[in-house]
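Contents: one structure, followed by commentary.
Residue numbers (mature numbering (1 follows the signal peptide of the UniProt record, and there is no 0)): -24 to -1, 1 to 374.
Okay, structure coming up:
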C-alpha cells in the first residue's frame, strides 16, 4: 500500500488551494461601477461619488471620489434595482438622491444598457377611461414606468409625430384623432423594451390582433386601425425621437371644466409592488374622473415643502418624508368633491380602514401608516393648492 509522504501531501494541498483561488478569481462576483453626483443642499455643493451595485443581492457601496475613501459600506438598498441604473436617471440611496453620470467600465456599460432599454408608449384618447386596466397589463409584463403624464397633443405636434406617414390615406384622420383628446404618454423600461412593447401591443389592426394575438393591448382594447388603443416606437432611434418630442416639448394636461379638484398622490410602494394600474382602475370604476396624471420624483426637500403643514401632526413625519423620496410617486388630479374622495380613500391607518371601510383604497392597497397607498387632500380649501404644486410651475418639481 502506498502512503504519501509529508512532502507529497503538502504538494497536494498547494495544488488544490491553487485550483480554489483560480476558480474563485474566474467566478468573481459581478459588480457595476457608475459615476454619480449628489447635490448637498446644506453646503450647496455637487459632490462626486462612485456607486457600486452588486446584482446578486441588490447591495450598494459608495466611494467618495474627492476624499478618496469609502463613504457607504456595502448595504442592501431596496430603492435601487438594475433597471434604474441608466445614465441621466436619479436613484435614492438612503435618502440621498444620486444622479447617474457615466458607466465606468465596459462590463457595466454593456450589461446595464442591455437591461434598461427605453421605449415610448402612448395610450390613445379612446382608452383613457380604461387606462388603469392597461397600466395593470403593462405592469404584469414586467415594464417599469420611468416617465408618465396625461397630456394634450396639438394638431401641429401630432403632424410632426406621425410625419413618416405623410401622404398616406389615413394620415389626416390619424393626426386629427390623436389631437382630439388627452393621451397618456409613457417612457417604459425593460430589457429589449422596444421589441418587447411591440410584441405586447399586437398587430396594428385590432381585428387581426383579436384573432392572432388576443392577449395583447390591441387585441383586448382596440377597435380598428385608427382606434387601436396604443402606440409603440418601432426602433430605438424612433423611441429617442418620440420621447424627446413629447416629454421635452409638452407639459402635463391641466384642463378641466370642473372647478373643484382634489389631489391623489400615489405612494412609491404602490409602484414598487406593481399595483398602480389596479389602484387607478379602482378610482375609475368608482366614477371619479382623473383629469391629470404625472409621475414625479420627490427629493426630501420637495416632500418636506409639500407636507410642511403635517409637521408636528404626524408622529412618523420623518419616516413619511423619507418614503416619498424613496422612489417615484404618481400625482393624480381628481375632479371631485374633496370630502367625497377622502371618504373613498379611507382612514389614514389601513388597519382601521380594513375594519371600518373594507372597500376603501387604503384598506385595499395599504398595510401600515407609512405604506398607506396614497395621500389625498384633507380640506376643501387645499385642493387647488395641492394640485397646482404638481401640475403647475410651483416649487422645485419643474
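Beta carbons: idealized from backbone N, C-alpha and C, even for Gly.
Since we're looking at a predicted model, the values are computed, not measured.
May I have the straight-line CA-CA distance separating residue 14 from residue 68, to the nearest angstrom?
The residue labelled residue 14 in the question sits at position 38 within the chain shown. The residue labelled residue 68 in the question sits at position 92 within the chain shown. So the two alpha carbons sit approximately 10 Å from each other.
Hey, how far is the Cα of residue 191 from the Cα of residue 179?
Here residue 191 is taken as the residue at index 215 of the chain shown, counted from 1. Here residue 179 is taken as the residue at index 203 of the chain shown, counted from 1. Between residue 191 and residue 179, the C-alpha separation is close to 11 Å.
Cut-off 6 Å between Cβ atoms - residues of its own chain near residue 126, not counting five sequence neighbours on either side:
Sequence index remark: in the chain shown, residue 126 carries index 150 (1-based). For residue 126, where only same-chain residues beyond five positions count, the Cβ hits under 6 Å are 158, 160, 229, 268, 269.
Anyone know if the C-beta pair for residue 310 and residue 237 falls short of 8 Å?
Counting from 1 along the chain shown, the entry for residue 310 is found at position 334. Counting from 1 along the chain shown, the entry for residue 237 is found at position 261. For residue 310 and residue 237, yes; Cβs fall inside 8 Å.
Just to confirm, does residue 57 get its C-beta within under 7 Å of one of the non-hydrogen atoms of the ligand GDP?
Looking for the ligand GDP in the displayed structure turns up nothing, as the structure carries no ligands at all.
Taking 7 Å as the limit between beta carbons, can you name the residues of its chain near residue 151, skipping five residues before and five after?
Taking the chain shown and counting its residues from 1, one reaches residue 151 at position 175. Within the same chain, residue 151 has close Cβ partners 131, 134, 135, 138.
DSSP three-state assignment for residue 376, whether helix, strand or coil
It is not possible to answer for residue 376, since the shown part of the chain is limited to -24 through 374.
Rounded to a whole number of angstroms, what is the C-alpha to C-alpha distance between residue 25 and residue 340?
For the purposes of this step, residue 25 is taken as the residue at position 49 of the chain shown. For the purposes of this step, residue 340 is taken as the residue at position 364 of the chain shown. Spanning the two alpha carbons is a distance of roughly 40 Å.
Residues bridged to residue 326 (per DSSP):
Mapped onto the chain shown, residue 326 falls at position 350. Partner(s): none; residue 326 has no beta bridge.
DSSP state of residue 248 mapped onto helix, strand, coil:
What you label residue 248 is simply residue 272 of the chain shown in a count that begins at 1. Residue 248 falls in the helix class under three-state DSSP.
Are the beta-carbon atoms of residue 154 and residue 100 separated by less than 8 Å?
Against the chain shown, residue 154 aligns to sequence position 178. Against the chain shown, residue 100 aligns to sequence position 124. Yes. Within cutoff.
Could you check how far apart the C-beta atoms of residue 80 and residue 58 are, in whole angstroms? I think they sit under 8 Å.
Taking the first residue of the chain shown as position 1, residue 80 is located at position 104. Taking the first residue of the chain shown as position 1, residue 58 is located at position 82. Contact flag wrong, Cβ pair sits at about 16 Å.
Contact between the segment 204 to 217 and the segment 280 to 294 (3+ Cβ pairs under 8 Å)
Short answer: they don't touch.
Under 8 Å between C-beta atoms of residue 55 and residue 303
Your numbering for residue 55 matches position 79 in the chain shown. Your numbering for residue 303 matches position 327 in the chain shown. Closer than 8 Å, so yes.
Could you give the distance in angstroms between the alpha-carbon of residue 1 and the alpha-carbon of residue 78?
Taking the chain shown and counting its residues from 1, the one referred to as residue 1 is at position 25. Taking the chain shown and counting its residues from 1, the one referred to as residue 78 is at position 102. Its pLDDT being 39, under 50, residue 1 is placed unreliably in this model, and the value from its coordinates should be taken loosely. Using only the alpha carbons, I get a separation of about 26 Å.
Alpha carbon of residue 40 to alpha carbon of residue 84, nearest angstrom
Mapped onto the chain shown, residue 40 falls at position 64. Mapped onto the chain shown, residue 84 falls at position 108. Approximately 19 Å between the Cα atoms of the pair.
Assuming the contact rule is C-beta atoms closer than 8 Å, residue 246 and residue 239 should be a hit. Round their C-beta distance to whole Å, please.
As a working mapping, residue 246 is identified with position 270 in the chain shown. As a working mapping, residue 239 is identified with position 263 in the chain shown. With a Cβ gap of about 15 Å, residue 246 and residue 239 do not count as contacting.
Straight-line gap, residue 322 to residue 337 (C-alpha atoms, nearest Å)
The sequence position of residue 322 within the chain shown is 346, counting from 1. The sequence position of residue 337 within the chain shown is 361, counting from 1. Their backbone Cα atoms lie some 6 Å apart in a straight line.
Quick one: what's got a C-beta closer than 7 Å to residue 198's C-beta in the same chain, skipping five residues either side?
Residue 198 sits at position 222 when you count from the first residue of the chain shown. Counting only residues of its own chain and dropping the five nearest sequence neighbours on each side, residue 198 has a CB closer than 7 Å to the CB of 182, 185, 204, 205.
Residue 107 lies in the alpha helix (DSSP H); which residues open and close that run?
Counting from 1 along the chain shown, the entry for residue 107 is found at position 131. For residue 107, the uninterrupted alpha helix (DSSP H) segment begins and ends at 107 to 116.
Cβ separation of residue 264 and residue 307, assumed to be a contact under 8 Å, to the nearest whole Å:
Reading the chain shown from its first residue, position 288 is the one you call residue 264. Reading the chain shown from its first residue, position 331 is the one you call residue 307. Their Cβ separation, rounded to whole angstroms, is 15 Å, which puts residue 264 and residue 307 out of contact at 8 Å.
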